[in-house]
Amino acid sequence: MSVLAHEIMTPTVKAVPHHWTMDRLARFLTDNEITGSPVTDDNGDIIGIATLKDITEFRWNASRTGDQPQLTPEEQEEARRLRMVIFEEMGKVPVEVRDIMTPIVLSVDEDTPVRDIANIMMREHLHRIFVTRDSKITGIITTYDMLKLISHQELTQRCAEND
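FYI, the numbering used here numbers position 74 of the sequence shown as 84, with every residue one higher than the one before it.
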């Protein structure tokens, strides 16, 4: 018998509202010792996912200099100064989760075999995927949850028997 999504999923999904600031999201992720969270709209429907990687990429893109070989050293310095002024001003307006989230939500049904889930996660380079029943999210599977297949002897055996 195949091991199915509902057997290894984490049934509690800690979601954040789309209007939270990026800083509040970072605090939430850190406080909960997680690296990502689904994002909900005003109706509580999941509309995306926001991760520590999204925060890092936003900050990195806002402060990087980039290659500007066509500018003189003086022009490059002025461009850098202007970017810093703009970034400083942007810092005064809170960046919201909806501004940095990934709006794509991938999911699998509760009865999806974990081998199929592993293939999806590897193909799409995912660290987490939502689990649904009747189009409603009932849990989440992370790379940590996938490790249960190795550490839990009965699950490991069931996976091996289905090869």
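Yeah, the Cβ is synthetic: ideal placement off N, Cα and C, and Gly gets one too.
For clarity, every value in this text was computed on a predicted model and none was experimentally measured.
Residue i in three-state terms, based on DSSP
| i | result |
| --- | --- |
| Lys158 | helix |
| Ala60 | strand |
| Leu81 | coil |
| Asp41 | helix |
Euclidean distance between Cα positions of residue i and residue j
| i | j | result |
| --- | --- | --- |
| Glu84 | Leu35 | 38 Å |
| Thr61 | Asp55 | 18 Å |
| Thr112 | Thr152 | 17 Å |
| Trp23 | Ser161 | The question names Trp, yet the displayed sequence has Val at residue 23. C-alpha separation (whole angstroms): 23 Å. |
| Gln80 | Leu165 | 59 Å |
| Val141 | Pro123 | 12 Å |
| Asp33 | Ile150 | 24 Å |
| Arg125 | Tyr154 | 15 Å |
| Asp64 | Met94 | 20 Å |
| His28 | Ile110 | 10 Å |
| Ile139 | Gly58 | 11 Å |
| Ile18 | Asp121 | 11 Å |
| Ile147 | Val26 | 14 Å |
| Arg90 | Pro104 | 22 Å |
| Phe38 | Thr82 | 43 Å |
| Glu134 | Arg168 | 25 Å |
| His137 | Gly46 | 9 Å |
| Phe68 | Leu116 | 22 Å |
| Val107 | Trp70 | 16 Å |
| Leu159 | Ala170 | 10 Å |
| Ser145 | Asp119 | 8 Å |
Which residues DSSP lists as bridging residue i, in chain order
| i | result |
| --- | --- |
| Val26 | Val49 |
| Leu14 | Pro123 |
| Thr20 | Ile150 |
| Thr31 | Glu106 |
CB contact below 8 Å: residue i versus chain B
| i | result |
| --- | --- |
| Ala89 | The structure shown contains no chain B; it holds only a single protein chain. |
_Inter-stretch contact (C-beta, 8 Å, three-pair minimum) for the stretch 122 to 134 and the stretch 46 to 53_ = no
*What are the uninterrupted segments assigned as beta strand (DSSP E) that are 3 or more residues long and contained completely in the stretch 85 to 159, given in chain order?*
117 to 119, 138 to 143, 146 to 152
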